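Position one of the sequence shown corresponds to residue -11 (the working numbering), numbered consecutively onward. See structure below.
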Amino acid sequence: MSVSKKAYKSNVCKLKGSLRKNGFDRWRYFFNGINSASGEERLFYIELMAENPALSYERAVLPQREEEKRLDADDLQAALAGTIDTRPAQGQKVVPSYASVRAGVFGSRPKQLNRFFSNSEFVAQKKGFDIKAGGCAFSDNELYGVVAVTEIEARSFPEWGTAAGRMEWNLKYEPDFDAPETASKDGKHWLAGGLTARFSGMVTLDGQEYAVSPDHSFGYVEKSWGTALPVPFMHVSSSRMTSIFTGKVMKDSGFALEGDFEGRLVALAKFEDDFYGFGPQQKIKKYSAQWSCARTPTNDGNEELHWSASVNCKKYILDVDIFCPAQEMLVKDYWLPDGSLLKVLCGGSGSGEIRLYKQIKKSLELIQHAKILSASCEYGEKDGE
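In structure tokens, the structure reads:
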């Protein structure tokens, strides 16, 4: 394992100073699990997020879009016993203040389960990364908890953006490689603290058990914090790579794209022993990047989304092409610290290729070429923009 002490220090809760009134902190975990009965393999995710803790400590506050309808008062009382407040005074803008745990699965039957809590239920230790939130626990090497949503809760709180169901997990994880933190001038931060990571343990989703093993988890861990997420938001990552040169699985290899920061995409790629980082605070700072996310038709009459990125510097060119079936994607809603809504289209069935070229005088040499599977791929815009 080659995770730096600096990465562990950066992984702690950042909600201090001005971020307590206008800021967020988010941790995310991606890993594969195999159904113990059927052998089906699926990509899972777990997220922990807290926003604006100084604005409301005892009650979780979420905005509510005008078109959303709620059940009557008796149903609401039965659903959550009054611990959520989403109704503003007339003419008053609602600024979010909450903690949340989100968990779910991608693939042919994607599902997201989201719970929101008051900031009083978000307890972070002063030293190290050790957080309890809503009955779930997060630390540098362990995750355990449960997210359960009833049918009445899912119907009553459309602002949660959740399905009904239950996901429980008991996991250990070991980051294999971290990349330097990315920070923009406008206060956005991103840390791929586990560009490659090994997970082990069990996940139970709606009564079905999934085994998670280190050699087949193909894990990824990241953290972001600041006053807002990048908009438009773009993220693609995977640590499941197979060399097209040799046909062999590339161990301890992975990549991540995040953007954009200061008008450019940040790109990280690890090919076994070699790491290439493009972005602020990365090894390669002078570069250009182009990316797009577009819908394309498939031969069977369906649609897929195509993420394309090309990063160029004086010495290298990194190209990434990822495709994900549209019917295997879901939409996540993120209420940002200023009260705006970021809608993110997410999938975990991404597949494609990554290429790294070395520029030698006026010619290009292809030095890495790999097939990508189990890619997490996302694109987001603010609602109404």
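Built from N, CA and C at the ideal position, the CB exists for glycine as well. The structure presented is a predicted model; accordingly, all values stated were derived computationally and were not measured.
What is the DSSP secondary structure of Q269, reduced to helix, strand or coil? Reduced to three states, the DSSP call for Q269 is coil.
Pull the bridge partners of E246 from the DSSP assignment, please. Per DSSP, H223, V254.
DSSP on A152, reduced to helix/strand/coil? In the structure shown, A152 sits in coil (DSSP, three-state: anything other than H, G, I, E or B).
Using the beta-carbon count (16 or more within 10 Å), is G214 buried or exposed? Answer is buried; the Cβ neighbour count reaches 16.
Please report the distance separating the alpha-carbon of T150 from that of E35. If I take the Cα positions, the gap works out to 14 Å.
Helix, strand or coil at N287 according to DSSP, with G and I counted as helix: In this structure, N287 counts as coil in the three-state DSSP scheme.
Closest Cα partner of E130 within the set T192, S108, V209: Closest by alpha carbon: V209.
In DSSP terms, what I360 is bridged to: M229, G340, per the DSSP bridge assignment.
Using three-state DSSP, classify A(-5) as helix, strand or coil. Of the three classes helix, strand and coil, the one that applies to A(-5) here is helix, per DSSP.
Can you give the beta carbon distance from G338 to C312, rounded, assuming they're within the 8 Å contact cut? Contact holds; Cβ gap of about 4 Å.
Counterpart residues of C281 in DSSP-defined beta bridges: BP columns for C281 point to W295.
Determine, using beta carbons only, whether S364 and S226 come nearer to each other than 8 Å. Going by C-beta atoms, S364 is nearer than 8 Å to S226.
To the nearest angstrom, how far is it from the Cα of D166 to the Cα of F243? Cα-Cα distance, rounded: 11 Å.
What three-state label does DSSP hand A91 in the structure shown? Per DSSP, reduced to three states, the secondary structure at A91 is strand.
Please name the residue or residues paired with G189 in a DSSP beta bridge. G189 pairs with L159, V200.
Which same chain residues end up closer than 6 Å to S106 when comparing Cβ atoms and leaving out the 5 residues on each side of it in sequence? Correct list, in chain order: E46, R47, A48.
Roughly how far, in whole angstroms, is the beta-carbon of V191 from the beta-carbon of F32, given that I think they are within contact range, below 8 Å? Contact flag correct, Cβ pair sits at about 6 Å.
Under the three-state DSSP convention, the category G5 falls into: It is helical.
Could you give the distance in angstroms between the alpha-carbon of K239 and the alpha-carbon of F259? Distance between the alpha carbons of K239 and F259: 8 Å.
Can you look up R47 in the DSSP assignment and give me helix, strand or coil? Three-state DSSP puts R47 in coil, outside helix and strand.
Residue range of the alpha helix (DSSP H) that A25 falls in? No alpha helix (DSSP H) holds A25; DSSP gives it neither H nor E.
If you run the structure through DSSP and keep just helix, strand and coil, what is A142? In the structure shown, A142 falls within a helical segment according to DSSP collapsed to helix, strand and coil.
Considering only the beta carbon of each residue, do H177 and S201 sit closer than 8 Å? Cβ distance not < 8 Å, so H177 and S201 don't count as in contact.
Cβ distance (whole Å) where F249 is taken to contact P218 below 8 Å: Right, their Cβ atoms sit about 6 Å apart.
Close-in-space but distant-in-sequence residues of the same chain around D321 (CB under 7 Å, 5 per side omitted): Counting only residues of its own chain and dropping the five nearest sequence neighbours on each side, D321 has a CB closer than 7 Å to the CB of G149, L329, K331.
CB of R97 to nearest heavy atom of the ligand SAM: below 7 Å? Among the components modelled here there is no ligand, and therefore nothing to report on the ligand SAM.
Span separating the alpha-carbon of S108 from that of K9: Using only the alpha carbons, I get a separation of about 15 Å.
Could you check if Q315 is buried or exposed, using at least 16 other CB atoms within 10 Å of its CB as the buried criterion? Its Cβ having fewer than 16 others within 10 Å, Q315 is exposed.
Please state whether DSSP places A314 in a helix, a strand or coil. In the structure shown, A314 sits in a helix (DSSP, three-state: H, G or I).
With burial defined as no fewer than 16 other Cβ atoms inside 10 Å of the residue's Cβ, what is the status of K57: buried or exposed? Note that K57 scores 35 on pLDDT, short of 50, meaning its location in the model is unreliable and no value can be drawn from it.
For the beta strand (DSSP E) holding A216, just list the boundary residues, first then last. Run containing A216: none; DSSP gives neither H nor E here.
Coil, strand or helix - E353 by DSSP: Here E353 sits in strand by DSSP.
What's the C-alpha gap between V299 and H223? Going by the C-alpha atoms only, they are around 15 Å apart.
What does a CB cutoff of less than 6 Å around D118 pick up in its chain, not counting 5 residues either side in sequence? Apart from the 5 residues on each side of it in sequence, D118 sits with its Cβ closer than 6 Å to the Cβ of S127 in its chain, given in chain order.
If you drop the 5 nearest sequence neighbours on each side, which residues of the same chain put their C-beta closer than 7 Å to that of N23? Counting only Cβ-Cβ distances below 7 Å, and skipping sequence neighbours, we find Q196, Y198.
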